[in-house]
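J.: Residue numbers for the sequence shown, in our numbering: 11 to 254. By construction, the Cβ of each residue, glycine as well, lies at the ideal position given by its N, Cα and C atoms. Model, not experiment: these values are computed from the prediction. For reference, the structure I am asking about is given below.
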Amino acid sequence: MKTVSTLRHFFTLCFCLSTVSFSLLAQSNSSPSPEVLLGKNNPYLVGEHYQLHKEAFAALEKMKAAAAKEGIQIKVVSAFRSYDRQRAIWNRKYVRNAAEGLSPAANRQKIITYSTLPGTSRHHWGTDIDIIDGNTPVEGDVLLAKHFHHDGPFERLRLWLEAHAATFGFYCAYPNTPNRTGFNYEPWHYSYRPLARTYFRAYKNLPLKEVLQDSLLQGYQDMDKAFLNAYRKTHINGIAKALK
Ligand SMILES: [Zn+2]
């Protein structure tokens, strides 16, 4: 009987420990899994019209309300983006550029001016947003830096974000600062720092070469170690200091 009771205690203890470790894993600020970092599976997403990590979503709601008092309607153009979606964007551009005669190296170099390789987008994390001012609609392409400057339709939004976004935890990921490398200046792209910094640090440990072994990804055979190392250094690390 004693053995049975000891065993029962043992199993109860195991159950309790596994419950504790599961709840620790489920904590959103713990180190994210590779699936979450790569945009392949994210259990923390909420939202209907766009999806974000629940904590980033709540912070954005507060920021929206504050901006609305100043007559600015923060409108999300892009939020969470899955690996598959990013691959579709990449492949569409790659096929078009190849048809224009670009070599594999020139092709990917052209795409990474603005678009990321699938598996490397900050939008995979549910922590990043592209935003405009919904009160000042624009025809055509909305995500152009000129709209955010020189009396452009989103200049008020930019100035407001530069003054107040950090209060809500949001930072421009690709600011117009000297010596920043990689993606062009994107005054519309903001990251929710309390999560995004943890994700960025966890991301450093992912083996990019393995991640990109995807036979459905255009040009993946040509992505050698030298290119990927350079891409990591200039592009993935080419973000605002506050987000590192
Ligand atoms: Zn973006």
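Only counting runs of 4 or more residues, tell me where the alpha helix (DSSP H) segments fall wholly within the stretch 81-169, in order along the chain.
T.: Runs found: 93-109 and 114-121.
J.: Leaving out five residues on either side along the sequence, give the residues of the same chain with a beta carbon under 6 Å from the beta carbon of K103.
T.: Here residue 103 corresponds to residue number 93 of the sequence shown, with the count starting at 1. The answer, listed in chain order, is I121.
J.: Count the other CB atoms, across all protein chains shown, that sit within 10 Å of the CB of N107; report buried if there are 16 or more and exposed otherwise.
T.: The count along the sequence shown starts at 1 and reaches residue 107 at position 97. So N107 ends up on the buried side.
J.: Over what stretch of residues does the alpha helix (DSSP H) that includes Y241 continue unbroken?
T.: Locating residue 241 in the sequence shown gives position 231, where the first residue counts as 1. From DSSP, the alpha helix (DSSP H) with Y241 extends over K235 to Y241.
J.: Considering only their Cβ atoms, is the gap separating G129 from K255 smaller than 7 Å?
T.: There is no way to answer for residue 255, as the model of the chain reaches only from 11 to 254.
J.: Is any heavy atom of ligand 1 found at a distance shorter than 6 Å from the C-beta of H63?
T.: Within the sequence shown, residue 63 is the residue found at index 53, counting from 1. Not so, every heavy atom of ligand 1 lies at least 6 Å from the Cβ.
J.: To which residues does DSSP link S201 through a beta bridge?
T.: As a first step, residue 201 must be located in the sequence shown, where it is residue number 191. The partner list for S201 (beta bridge, DSSP) reads D138 and Y181.
J.: With DSSP as the reference, label L253 as helix, strand or coil.
T.: Indexing the sequence shown from 1 puts residue 253 at position 243. Correct three-state label for L253: helix.
J.: Confirm the yes/no value for this check: CB of D151, any heavy atom of ligand 1, distance under 6 Å.
T.: The sequence position of residue 151 within the sequence shown is 141, counting from 1. No; taking the cut-off as 6 Å, the Cβ of D151 has no heavy atom of ligand 1 nearer than that.
J.: Three or more C-beta pairs closer than 8 Å, one from the stretch 72-85 and one from the stretch 201-209: is that the case here?
T.: With the cut-off at 8 Å, the stretch 72-85 and the stretch 201-209 do not touch.
J.: One question on the structure: do E196 and Y181 come within less than 7 Å of each other, judged by their Cβ atoms?
T.: On the sequence shown, residue 196 is found 186 positions in, with the first residue counted as 1. On the sequence shown, residue 181 is found 171 positions in, with the first residue counted as 1. In this structure, Y181 does not lie closer than 7 Å to E196 by Cβ.
J.: For A136, count the other beta carbons within 10 Å of its own beta carbon; 16 or more makes it buried, fewer makes it exposed. Which is it?
T.: Within the sequence shown, residue 136 is the residue found at index 126, counting from 1. The question names Ala, but residue 136 is Gly in the sequence shown. With 16 or more Cβ atoms within 10 Å of its Cβ, G136 is classed as buried.
J.: Can you tell me whether H199 sits near ligand 1, meaning its C-beta is under 6 Å from at least one heavy atom of the ligand?
T.: Looking up residue 199 in the sequence shown gives position 189. Correct: H199 has its Cβ closer than 6 Å to ligand 1.
J.: Consult DSSP for H63 and reduce its assignment to one of helix, strand or coil.
T.: One-based indexing of the sequence shown puts residue 63 at position 53. Here H63 sits in strand by DSSP.
J.: Over the uninterrupted alpha helix (DSSP H) stretch that includes E220, give me the two end residues.
T.: Residue 220 sits at position 210 when you count from the first residue of the sequence shown. Per DSSP, E220 belongs to the alpha helix (DSSP H) from L218 to V221.
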